[in-house]
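Here the structure is laid out as structure tokens; the discussion comes afterwards.
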Amino acid sequence: MSGGPNRRAPHRAGSRGRHEFTAVKLLYFAWVRQKIGISHEDLTPPASVTTVAALVDLLRRRGPGYEAAFRDVKLLRVAVNQQHTGFESPIGPDDEIAFFPPVTGG
Amino acid sequence: MSEIRIQAEDFDPGAEIAALGNGKGTAGAIASFIGLVRSDNGLTAMTLDHYPGMCESEIAAHAAEARRRWPILALRIVHRVGRLTPGERIVFVGVASSHRQAAFQAAEFLMDYLKTHAPFWKLEERGSGATWVEARLADDESVKRWL
Chain V
211 MSGGPNRRAP HRAGSRGRHE FTAVKLLYFA WVRQKIGISH EDLTPPASVT
261 TVAALVDLLR RRGPGYEAAF RDVKLLRVAV NQQHTGFESP IGPDDEIAFF
311 PPVTGG
Chain S
199 MSEIRIQAED FDPGAEIAAL GNGKGTAGAI ASFIGLVRSD NGLTAMTLDH
249 YPGMCESEIA AHAAEARRRW PILALRIVHR VGRLTPGERI VFVGVASSHR
299 QAAFQAAEFL MDYLKTHAPF WKLEERGSGA TWVEARLADD ESVKRWL
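Protein chains in written order, with this note's numbering: chain V, 211 to 316; chain S, 199 to 345.
As structure tokens, this is what we get:
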């Protein structure tokens, strides 16, 4: 399991120059991790990818595991920098973006 | 005092409850909840997956919200992760307050938010294989009463 308590304050995409876009950290949990086959990876998306939804479109084309995991985003939830958010949410440099099914703890 | 722990090891409910009493005599009520693994439909084991860091921060945010809503003297939440078998303890929520109503309500509020917001996932094992538990609509409905 990766992740770790590396806390970062949430920030808005565009708060830094887009030309500086560096890697985002992606985390996958539960069946999302099983379908994709890895728990985490770093990815440097093209500058045009500024929202979670655009990132999902990019990820979906990375292979059959990704295609299976992201086939129906209604089954998925997303957190940016460890905060629950929506797929329309902006993403920026160094963000930690996690994809997972609805939670079932307790 | 709020204590939040995520751990693989079991916990001692008596010790957790005892720790909620501050010994000063101000706490008139302690409400506690313990969730256990059920052996429903031939379940043989359950593995709790979680998002380290976000689990702690989500639970801490809801503990702070509970403290805004009720006069809480002490609060403890312990959630286990890893592989558990039927009968084992999964979660402990305990709240101490001056009076019972606040303690009961805050404990229920914390459990409702934990179930619907804290990033844990259950993988159930049965003879037929392992399946991820789907979120329950009833839990989403239950949390709405606190909005």
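Ideal Cβ positions, reconstructed from N, Cα and C, are used throughout, including at glycine. The model shown is predicted, which means the values in this text are computed figures rather than measured ones.
Looking only at its own chain, which residues have a Cβ that is under 7 Å from the Cβ of phenylalanine 297/V, when we skip the five neighbours before and after it?
Val262, Ala263, Val266, Val283 and Val288
Between the stretch 206–239 of chain S and chain V, which residues of the former have CB atoms less than 9 Å from a CB of the latter, in chain order?
Gly233
Under the three-state DSSP convention, the category phenylalanine 231/S falls into
strand
Residue span of the alpha helix (DSSP H) that contains aspartate 310/S, given as start and end:
298–315
Is any beta-carbon of chain V found at less than 8 Å from that of serine 200/S?
no
Excluding sequence positions up to five away, which residues of its chain have a Cβ less than 7 Å from the Cβ of threonine 232/V?
Thr254, Pro303 and Asp304
Please state whether the Cβ-Cβ distance between alanine 301/S and isoleucine 202/S is less than 8 Å.
no
Return yes when the Cβ of glycine 275/V is within less than 8 Å of the Cβ of isoleucine 246/V, no when it is not.
yes
Return the chain-ordered ranges of every beta strand (DSSP E) run that is complete within the stretch 247–284 of chain V and spans a minimum of 3 residues.
250–253
Taking 8 Å as the CB-CB limit, is glycine 315/V close to chain S?
yes
Residues in the same chain with beta-carbon distance under 7 Å from glycine 240/S, minus the five sequence neighbours each way, listed in chain order, please.
Arg324 and Gly325
Tryptophan 268/S to valine 331/S span [Cα, whole Å]
32 Å
When you compare each of Lys222/S, Arg334/S and Val235/S to glycine 280/S by their alpha carbons, which one comes out closest?
Val235/S
Have a look at His297/S, Gly219/S and Arg274/S and flag the residue whose alpha-carbon is nearest the alpha-carbon of valine 291/S.
Arg274/S
At what residues does the beta strand (DSSP E) containing isoleucine 288/S begin and finish?
287–295
Is there a C-beta anywhere in chain V that falls below 8 Å from the one on arginine 287/S?
no
Glutamate 201/S - containing beta strand (DSSP E), residue span
200–205
Option in Ser237/S, Thr245/S, Ile204/S and Gly219/S with minimal Cα separation from alanine 258/S
Ile204/S
Which term fits serine 225/V, buried or exposed, when burial requires 16 or more other beta carbons within 10 angstroms of its beta carbon?
Residue placement at serine 225/V is flagged as unreliable, the pLDDT there being 46, under the threshold of 50; a coordinate-derived value is accordingly withheld.
Per DSSP, which residues does glutamate 323/S bridge with? Please list them.
Ala243/S and Ala328/S
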